[in-house]
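> Sequential numbering from 175 applies to the sequence shown in the numbering used here.
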Amino acid sequence: SIVPPSTDPTRFKSKEGDLVAGQQYQETVTDIFAAALQVAKIKVVHPGRLMQVQIPANTLFVAGEARIQANQFELLDRIVAAASGRPPGLRFDLEFVIGSRTREDGGLPQSQTLELARAGAFAREMSERGLPPDSIAIGIEPGDPNDVTMWFYIRRQEETRLRFQGDGDG
Numbered sequence: 175s176i177v178p179p180s181t182d183p184t185r186f187k188s189k190e191g192d193l194v195a196g197q198q199y200q201e202t203v204t205d206i207f208a209a210a211l212q213v214a215k216i217k218v219v220h221p222g223r224l225m226q227v228q229i230p231a232n233t234l235f236v237a238g239e240a241r242i243q244a245n246q247f248e249l250l251d252r253i254v255a256a257a258s259g260r261p262p263g264l265r266f267d268l269e270f271v272i273g274s275r276t277r278e279d280g281g282l283p284q285s286q287t288l289e290l291a292r293a294g295a296f297a298r299e300m301s302e303r304g305l306p307p308d309s310i311a312i313g314i315e316p317g318d319p320n321d322v323t324m325w326f327y328i329r330r331q332e333e334t335r336l337r338f339q340g341d342g343d344g
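(1) Can you tell me whether Gly-294 is helix, strand or coil according to DSSP?
(2) Work out the CA separation of Ala-257 and Glu-299 for me, nearest whole Å.
(3) Under 7 Å between the Cβ atoms of Gln-331 and Gly-263?
(4) Would you mind giving the Cβ-Cβ distance between Arg-292 and Ala-231, rounded to the nearest angstrom? I have them listed as a contact below 8 Å.
(5) Quick check on the DSSP output: the alpha helix (DSSP H) that includes Phe-247 runs from which residue to which?
(6) Below 8 Å on the Cβ atoms is my guess for Val-227 versus Phe-207; work out the distance and round it to an integer in Å.
(7) Would you say Ile-312 and Ala-297 are within 7 Å of each other, going by their C-beta atoms?
(8) Would you call the stretch 312-326 and the stretch 264-276 in contact, with 3 or more CB pairs under 8 Å?
(9) Please identify the residue among Ala-214, His-220, Ile-216 whose C-alpha is closest to the C-alpha of Gln-197.
(10) Can you tell me whether Asp-356 is buried or exposed, with buried defined as 16 or more other CB within 10 angstroms of its CB?
(11) Taking the alpha carbon of Ile-253 as the point to measure from, which residue in Ala-195, Gly-304, Thr-323 has its own alpha carbon closest?
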């Protein structure tokens, strides 16, 4: 597929190290949301490593449905392009978390809800648009069902590998 120059994944290749590549990724994600959604709250939690984007669910999804609004597909494509441009040795991961009402006992719902359906729809849509499947996680947390938080992680490959005792690591 053809990627517009502003979302060219090669932009993240950096000879100055992981921190610079991570900061470039954060700048691109910030630009994506600032241009597409003026209602987004963007916070760099840890420069070059972690950022948080908060948006109202009703700006992403059709009201009362688990379907993403067609006018947000360009936003998703730009996120996919940015996340797919991993420099060697780094991973760009996305965690999508939506708020959910709790049951009377304070626990999260155990049956299908609109929030769960929306989280699943987001993951499927991102996967269909080309986001590497190992780059996305979804979840729900107690809170307002209209609150969506996306966490963008920049991790070194070795941080994501499972290590088992006896694998030569001690």
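C-beta atoms are modelled at their ideal positions from N, C-alpha and C, and glycine is treated no differently.
With the structure as the only source:
(1) Within the sequence shown, the letter at position 120 stands for residue 294. Residue state, collapsed to three classes: helix.
(2) Taking the sequence shown and counting its residues from 1, the one referred to as residue 299 is at position 125. Taking the sequence shown and counting its residues from 1, the one referred to as residue 257 is at position 83. Taking the straight line from one Cα to the other gives about 14 Å.
(3) Within the sequence shown, residue 331 is the residue found at index 157, counting from 1. Within the sequence shown, residue 263 is the residue found at index 89, counting from 1. In contact: Gln-331 and Gly-263 (Cβ atoms closer than 7 Å).
(4) On the sequence shown, residue 292 is found 118 positions in, with the first residue counted as 1. On the sequence shown, residue 231 is found 57 positions in, with the first residue counted as 1. Correct: roughly 7 Å between the Cβ atoms.
(5) Your numbering for residue 247 matches position 73 in the sequence shown. Counting along the chain, the alpha helix (DSSP H) containing Phe-247 begins and ends at 247-258.
(6) By 1-based counting over the sequence shown, the position of residue 227 is 53. By 1-based counting over the sequence shown, the position of residue 207 is 33. Indeed they touch by this definition, with Cβ atoms about 5 Å apart.
(7) The residue labelled residue 312 in the question sits at position 138 within the sequence shown. The residue labelled residue 297 in the question sits at position 123 within the sequence shown. In this structure, Ala-297 lies closer than 7 Å to Ile-312 by Cβ.
(8) yes
(9) By 1-based counting over the sequence shown, the position of residue 197 is 23. Nearest option by C-alpha distance: His-220.
(10) Examination of residue 356 is not possible in this model, given that the chain is present from 175 through 344 alone.
(11) Translated into positions along the sequence shown, residue 253 becomes position 79. Comparing Cα positions, the closest option is Gly-304.
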